[in-house]
Amino acid sequence: MPVFVQSVKYSFMANESTNWYFMEQNWRGMSVMRGPFTTSQIQAFLKTGEITGSTLIRYGSTTLWRPLRDRQTFAAMVGEVEVKRARSEFCTKYGTGIIIVALIAGVVIYTQIQSPRYLFKSGNFVGNPLSSQKVLTADNPVGRRASREVLTREAIIILTNNARVLNRLPALRTNLLLNTIAESRAKDMLEKQYFAHVSPTGQQASDIAQSVGYQYKIIAENIGNGDFYTNKKIVDGWMQSPGHRRNILSSEVEEIGAAVLKGKMNGMETYISVQIFGLQSPPVSQRTCVAPSESLLNDIELKKAEINSLNDQIDSIKQELDAENESIATDQRYTYGDSRKIHNLNVKISAYNEKSRWYNRLVADTQGKAAVLESMVNRYNKMLQMYNDCRASN
3 MPVFVQSVKY
13 SFMANESTNW
23 YFMEQNWRGM
33 SVMRGPFTTS
43 QIQAFLKTGE
53 ITGSTLIRYG
63 STTLWRPLRD
73 RQTFAAMVGE
83 VEVKRARSEF
93 CTKYGTGIII
103 VALIAGVVIY
113 TQIQSPRYLF
123 KSGNFVGNPL
133 SSQKVLTADN
143 PVGRRASREV
153 LTREAIIILT
163 NNARVLNRLP
173 ALRTNLLLNT
183 IAESRAKDML
193 EKQYFAHVSP
203 TGQQASDIAQ
213 SVGYQYKIIA
223 ENIGNGDFYT
233 NKKIVDGWMQ
243 SPGHRRNILS
253 SEVEEIGAAV
263 LKGKMNGMET
273 YISVQIFGLQ
283 SPPVSQRTCV
293 APSESLLNDI
303 ELKKAEINSL
313 NDQIDSIKQE
323 LDAENESIAT
333 DQRYTYGDSR
343 KIHNLNVKIS
353 AYNEKSRWYN
363 RLVADTQGKA
373 AVLESMVNRY
383 NKMLQMYNDC
393 RASN
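Encoded structure:
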């Protein structure tokens, strides 16, 4: 898609609009829409730091959500605020350090003392019921060095069963398939750089259970992310969260699997911990053929309709861009140094470029949804093939 660059400078003055909305996350980690606000109010929120250039914003109830910095009305102000904020953070973070280095520079060091650094990061725990999310902070005692121990699935399972026994519940049996599921989930989060119960491709613990042959009546998951120093920190963090505590102390599950892997998340070293709880379903007769999931088929049809709608939008925007491209090319031939024509051309080019960025984001989003749809279709076809093979063998 061509992008026009014009050497003539222009300015844009936004009218005082009163129908702006922005998205924020509440304490549960759910997205909440706020508004309506005026242009001045949005600018005030930006100055106070309540919103940033990455905050999703839209005008009215029909336009698409876009980052604040991509809105021409606020782009210049976002740049100024982010520069000031970066300078302030730099001074706060490094100002004291620079002074200390200057004082120490004249001191002759006779003895070198090596003292290892320890960093304890709060773990983010996501509860399985309704995929609720809760963020907890594990305190690192001040004034004494934290002791690192080896983090293992065996220790996590033992500590989990200790918590159950203290609450007069039977200990859970370790299941090797559940261990496999837990390890697969931890690896997937580190490889794909996400922290959630559902992967970017739509896969979750129940899907892996089916693929490894764990026939479940109940399956639940706890996950943790942080620089944990002890196994107890991980389990204690889960026990302090109502959703995770319900999974650990559930009287309905009988088996457990766990995994804890070290890796990097967003460039920082971390540990991903996973618990999988399960209750196996009764053995099913080999002659009982299970039909493909109607729910999955309905989800496929809904996903198809969504993608078709997005493709229609893409085609419509493409036609608009082609027409605007031709119009801009025509106008460029007739400016002849006319300042008014140049100004109008700049406005048209700016609108065209903004629509092009919107078009590209819409295409990328549609491609992602199409990949998820393909995975769903493949899963359904596999279930259908198994069903047909079963019927043929009866």
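Those letters in the sequence shown? Residues 3 to 396, by the numbering used here.
Note that beta-carbon positions come from the ideal geometry of N, C-alpha and C, so glycine has one too.
- In the DSSP annotation of this structure, the continuous segment of the alpha helix (DSSP H) that includes Leu-364 starts and ends at 341–395.
- Between Leu-174 and Glu-256, the CB-CB gap stays under 8 angstroms.
- Here Thr-20 has Pro-38 and Thr-40 as same chain residues with Cβ atoms under 7 angstroms from its own Cβ, once five neighbours each way along the sequence are excluded.
- Residue state for Leu-281 is assigned as strand, using DSSP reduced to three classes.
- In this structure, the CA atom of Gln-282 is about 11 angstroms from the CA atom of Glu-254.
- Secondary structure within the stretch 195–251: the beta strand (DSSP E) runs of 3 or more consecutive residues, fully enclosed, are 218–228 (chain order).
- Bridge partners of Ala-260 according to DSSP: Gln-277.
- Selection Ala-78, Ile-158, Gly-259 and Gln-369 evaluated against Asn-310 yields Gln-369 as nearest (Cα-Cα).
- When DSSP states are grouped into helix, strand and coil, Arg-150 belongs to the coil group.
- Burial is judged here by how many other beta carbons sit within 10 angstroms of a residue's own beta carbon; Asp-391 has fewer than 16 and is exposed.
- Residue range 41–50 is occupied by the alpha helix (DSSP H) that includes Ile-44.
- Checking the DSSP bridge columns, you'll see Val-34 partnered with Glu-26.
- Check the Cα spacing between Arg-73 and each of Gln-45, Glu-308 and Thr-182: the tightest is with Gln-45.
- In this structure, DSSP gives Ile-59 an extended state, which the three-state scheme calls strand.
- Here the C-alpha atom of Glu-296 lies approximately 14 angstroms from the C-alpha atom of Lys-305.
- When the beta-carbon positions are compared, Ala-307 and Ala-184 stay at least 8 angstroms from each other.
- A residue is called buried once 16 or more other Cβ atoms fall within 10 Å of its Cβ, and Arg-393, having fewer, is exposed.
- When the beta-carbon positions are compared, Gln-195 and Met-270 stay at least 8 angstroms from each other.
- The count of Cβ pairs closer than 8 angstroms, one atom from the stretch 214–228 and one from the stretch 190–204, reaches three, so the stretches are in contact.
- By the beta-carbon neighbour count (other beta carbons within 10 angstroms, threshold 16), Gln-242 is exposed.
- The beta carbon of Lys-219 lies closer than 6 angstroms to those of Leu-281 and Ser-283 in the same chain, with the five residues before and after it left out.
- Every alpha helix (DSSP H) of 4 residues or more that sits fully in the stretch 278–338 is shown, in chain order, as 296–334.
- Between the stretch 152–164 and the stretch 230–246 there are three or more C-beta pairs closer than 8 angstroms, enough to call the two in contact.
- Leu-180 places its beta carbon 8 angstroms or farther from that of Phe-230.
- For Lys-266, the beta-bridge partners assigned by DSSP are Glu-271.
- Comparing alpha-carbon positions, the option among Arg-36, Tyr-354, Arg-335 and Asp-340 lying closest to Asn-327 turns out to be Tyr-354.
- Here Arg-68 is bridged, per DSSP, to Ile-59.
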